[in-house]
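Residue numbers (my numbering), protein chains in the order written: chain A, -7 to 606; chain B, 402 to 706.
Backbone N, C-alpha and C fix where the C-beta goes; we use that ideal spot for every residue, glycine too.
None of these values were measured; they are calculated from a predicted model.
Here the structure is laid out as structure tokens; the discussion comes afterwards.
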Amino acid sequence: MLDKEEDRGGVKMKKKRYGRVFLGLMIAFGFMLTACRNETPEESTSEDGSEVEAGMETDGMYSIDDFNNIKTPMGEAIEGGVLNFGLVSDTSFEGTLNYNFYQGNPDAQVLQFFDEGFLSWDENFVYGQDGAATYEISEDGRTFTFTIRDHVNWHDGEPVTARDWAFAYEVIGDPDYDGVRFGADFLNVVGMEEYHKGEADEIAGIQILNDKQLEIEFIRTTPSILTGGIWTYPLAYHIFGEMEVAEMSASNEIRQNPVGFGPFKVETIVPGESVTYVRNDDYWRGRPNLDGVTLRVISPATVIQELRTGGVDLVSSFPIDQFPENEALSNLEWLGIVDRAYSYIGFKLGYWDSELGQNVMDPDAKMADVNLRQAMWQAVDNQLVGERFYHGLRWEASGLIAPSHKAFYNPDLERPPYDPELAKQLLDEAGYTVNESTGYRETPDGEPLVINFYHMSGDDVQEAVARYYAQAWEDIGLQINLELVEFNSFYDQVGEDHPDIDVYAAAWTVGINVDPTNLYGPITPFNYSRFVSDENTRLLELGVSEAAFDLDYRYDIYNEWQQYMLEQAPVFPTHYRANVTPVNNRVLNYGVGDGTGLYWYDVALTQEETLAAE
Amino acid sequence: MVKLFKSKKVEKNLVVNKDETYSGFQILWRELVKDRVALISLIFVSVIVIGVGVISLILNQDEIVRVDLFSLNQPPSSEYRLGTDQGGRDVFGLLIIGARNSLLVAALVTLLTGIIGILLGIVSGYFGGQVDHLLMRIVDYSNILPTLMIIIAFVTAVPNYTIIQFSLIMTLFRWTSIARLIRSRTLQERELEYVQASKTLGTSNFKTIFVQVLPNLSSLIIVTMTLNLAANIGLESGLSFLGFGFPDDTPSLGTLVSSARNPQILELRWWIWMPASILILLLMLSINNIGQALKRATDARQRRG
């Protein structure tokens, strides 16, 4: 070949050799260049996917009903010991270590050991009288008087006072407050609205009766006051009293040396990575059993290794897809509850107007057409995703109230069935017709439609699920641009209404209060879809009206609200979750879920060393 | 016996030498053929490259990266030759497409860095003086930059980038060593009589550089490029492994290997990461072997052929 080239070559010898250098290069790279074309006409796989593969067994499914939620004791407690807690997250925790300011769940996991709220709640999520404060309600149900117990002290020795409690309300209600806790519950306090707008210097409805007694007057009495409608986390006035509200969340007192009044004190913090706690002998419930706790961020990828080798006793969460293969580990017991949470897909329909402090819908938003949203819902098979990826430990959600709220959960709401054909039909009828040249659907105005789908990156399964959604939507002709974003920036971007986000997949861990106003109300920044409508507001208000003290009435209202939301589909729920969590066998007095009556100060160990698997 | 063999060879060489002198390429080729390991490596690389090229023409990338809920994590079987991954995707398909993408980027980067490096190196060496000074300071400057960090920063900062852009950013930092090498050889070369003669005869600089000097550097160029190809495959796979390589939905050898970061997959589903790992190992070894053989060929004292 080379020789022939030489024969045919030009006049001069040198010229020929020059040509050959490039011939050599072409030979070396030419075949790779041709290999890069990938437009192949081959189309073989069938679309319906109805034939079940032989290899995948239909059993291997689990049910949350088979799990216990309290650790079975295995041995006698020893004195002290240090518990190793794994905070499972593929990113570091942000480190906003105060209940009044934190945003993400990882920070809450850090907070739970050293701080707590005044009130505890029972398994029906109603405030009880065994917390750090007790309460009395006036006859008209509008005025609450709280009495803080005597021995409740901050970690620096100062007593926790009614001033601290009132201060928390003042800070969260302050116009300069940069956290996310402000919402309808706060506006229900007499005088809060004026204070929030800067028209009043004090909140009229909050009275400090004496050091230990606080009185809060609410505008309307609603059933939700008693199930999470009270802000129970004080903010230490002797520390933050002189500070500007806007500077608090970035201050050292929250980032580096946080104080609380919980069972453990923060000893050291390695920002984002680990926290060591020591026992707070002065804890108001009594002396904790443990000497301390070591909290460490561990990646979902290594969590099972850590558990197996005894690196950690407990973890904040466990990647459910790894459960089946590790079910039988000898050093662990698996506890499970129905998680107070649901996953959902949200559509950006507007933006948060921080001037007005309310959500504003944008009629020109890409996802503004309800038919488009409904079609996207119909195009995804959530039941199958739950079975295949999560072995039945996540299952298709029926509405926006999680099954953990037993009294209000309704499994029989009408929702669009999984049917891609119907979805296509719906889009056709709504004017989203396929452009023959691109193969994708266009808006009714004939504009190209590219939908940006934001999803959290994380473990492999999450990414596969994200791809499944994107692909299911591509299958009905929508052009999807999938972005995988890491947890912290994901919620930052969703919260800030990043202009690129059209659709996002997220999840809510819901409060003990069934009232969804804080997540879907018109004036809450957590309403990430920015959906507002009169009907929505009306139903949400009815749900917390005086009439709603009647449980049946309230149930009906929330049914109606859920049904309305399913029809409007500003978000659609995808999965309810089981929370399956492993516990090392040396741990005693530990339970998961609400109303177990077990607190962190109860937790004890049976031996010094964490057990490893055999 | 050995002696006999050697003398025979010399004799043969002598006989051939009577007829014609070997061109640079023939020397390279003879060296490859004589070195059994290098020859096998060459055949292996060719088979892989051609195989990957041909098979990937048949495969459809969109089909390969489709999540299939009915076939998650299946071990190798007659239907899925190398099993499926956690998204139900055929690992064999991912391997082929991934290998194609990885090779493509490596080749593209090698080609681009080659062109830039050779041009600047030869110009720098040939002209010397201010030009040389300027270019070499640029090279020095690029060399002290933390390449990997900058690539990672780029990939993080730019949310949507294509394979081409990714190759370009890699190219930006990897031409310097080639430029330096070529420059030093050009420095030697320009002192030789043929260059002087050419200059005296009034040949233009352009012609002297590209028609006379460049061909004399060809063997060096080929060797460097071959070794660089292996290094670039490694760099791309490494970046993809760390999650800073190709865009998300583009399979690559590195992404396949990186699934082994999940302990479940590492322990229980070897078929997802093992084939890609072995392929990377063999490819890099083979290309290195070829490169080493070629390198020997450029030095008459080390030649076997």
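6 Å CB neighbourhood of residue i in its chain, flanking five on each side removed
i: A/S396; result: V330 and R332
i: B/S641; result: F647, S653, G655 and T656
i: A/H447; result: A458, L476 and A497
i: B/S659; result: F642
i: A/I231; result: E245
i: A/A464; result: A371 and V372
i: A/G252; result: F106 and D107
DSSP three-state assignment for residue i, whether helix, strand or coil
i: A/P151; result: strand
i: A/W500; result: strand
i: A/A422; result: coil
i: A/F210; result: strand
i: B/W674; result: helix
i: A/I70; result: coil
i: A/E600; result: coil
i: A/W157; result: helix
i: A/M359; result: coil
i: A/S216; result: helix
i: B/M550; result: helix
i: A/I329; result: strand
i: A/T435; result: coil
i: A/M53; result: coil
i: A/N444; result: strand
i: A/T139; result: strand
i: A/G109; result: coil
i: A/S335; result: strand
i: A/K204; result: coil
i: B/G692; result: helix
i: A/A124; result: coil
i: A/W387; result: strand
Inter-residue Cα distance where the pair is residue i and residue j
i: A/V237; j: A/Y169; result: 6 Å
i: A/L218; j: A/Y119; result: 6 Å
i: A/P408; j: A/Q366; result: 8 Å
i: B/V416; j: B/A698; result: Because the pLDDT of B/V416 is 47, which lies under 50, any placement of that residue in the model is unreliable, and the number read from its coordinates should be weighed accordingly. Between B/V416 and B/A698, the C-alpha separation is close to 20 Å.
i: A/L89; j: A/K340; result: 29 Å
i: A/N30; j: A/L306; result: Any reading at A/N30 needs caution, since the residue's pLDDT is 33, under 50, leaving its predicted position unreliable; the model's value is listed next. Rounded to whole angstroms, A/N30 to A/L306 spans 48 Å at the Cα level.
i: A/E388; j: A/Y461; result: 14 Å
i: A/A192; j: A/Q350; result: 20 Å
i: B/A554; j: B/F645; result: 9 Å
i: A/P151; j: A/W276; result: 11 Å
i: B/K696; j: B/V624; result: 6 Å
i: B/I516; j: B/L615; result: 12 Å
i: B/L512; j: B/T577; result: 13 Å
i: B/P547; j: B/R575; result: 12 Å
i: B/Y542; j: B/Y595; result: 34 Å
i: B/N690; j: B/D436; result: 9 Å
i: A/I129; j: A/E209; result: 10 Å
i: A/D492; j: A/N444; result: 6 Å
8 Å CB neighbourhood of residue i in its chain, flanking five on each side removed
i: B/Y481; result: S472, Q475, D491, V492 and F493
C-beta contact flag for residue i and residue j at 8 Å
i: A/T301; j: A/A604; result: yes
i: A/E194; j: A/T137; result: no
i: B/R467; j: B/G526; result: no
i: A/D156; j: A/P250; result: no
i: A/L419; j: A/L441; result: no
i: A/V80; j: A/S309; result: yes
i: A/K607; j: A/I140; result: What the structure shows of chain A is the stretch from -7 to 606, and residue 607 of chain A is not part of that stretch, so it cannot be assessed.
i: A/I549; j: A/A561; result: no
i: A/D489; j: A/S291; result: no
i: A/V289; j: A/F85; result: yes
i: A/I608; j: A/G328; result: In the structure as shown, chain A starts at -7 and stops at 606, and residue 608 of chain A therefore has no counterpart that could be examined.
Neighbourhood of residue i by C-beta, 7 Å cutoff - its chain only, sequence neighbours within 5 removed
i: A/E353; result: According to the sequence as given, residue 353 of chain A is Met; it is not Glu. Closer than 7 Å at Cβ, skipping near neighbours: L341, G342, R522, F523 and V524.
i: B/S457; result: I497, I498 and R501
Which residues, in chain order, does the stretch 370 to 381 of chain A contribute to contact with chain E at a C-beta distance below 9 Å?
Protein chains A and B are contained in the structure displayed, whereas chain E is not.
Stretch-stretch touch, CB-based, cutoff 8 Å, three pairs: the stretch 372 to 392 of chain A with the stretch 560 to 577 of chain A
yes
Does the pairing of the stretch 533 to 541 of chain B with the stretch 616 to 632 of chain B give three or more beta-carbon distances under 8 Å?
no
Counting Cβ pairs closer than 8 Å, one from the stretch 62 to 70 of chain A and one from the stretch 577 to 595 of chain A, do we hit at least three?
yes
With a threshold of 8 Å, are at least 3 pairs of Cβ atoms found where one atom belongs to the stretch 676 to 693 of chain B and the other to the stretch 435 to 442 of chain B?
yes
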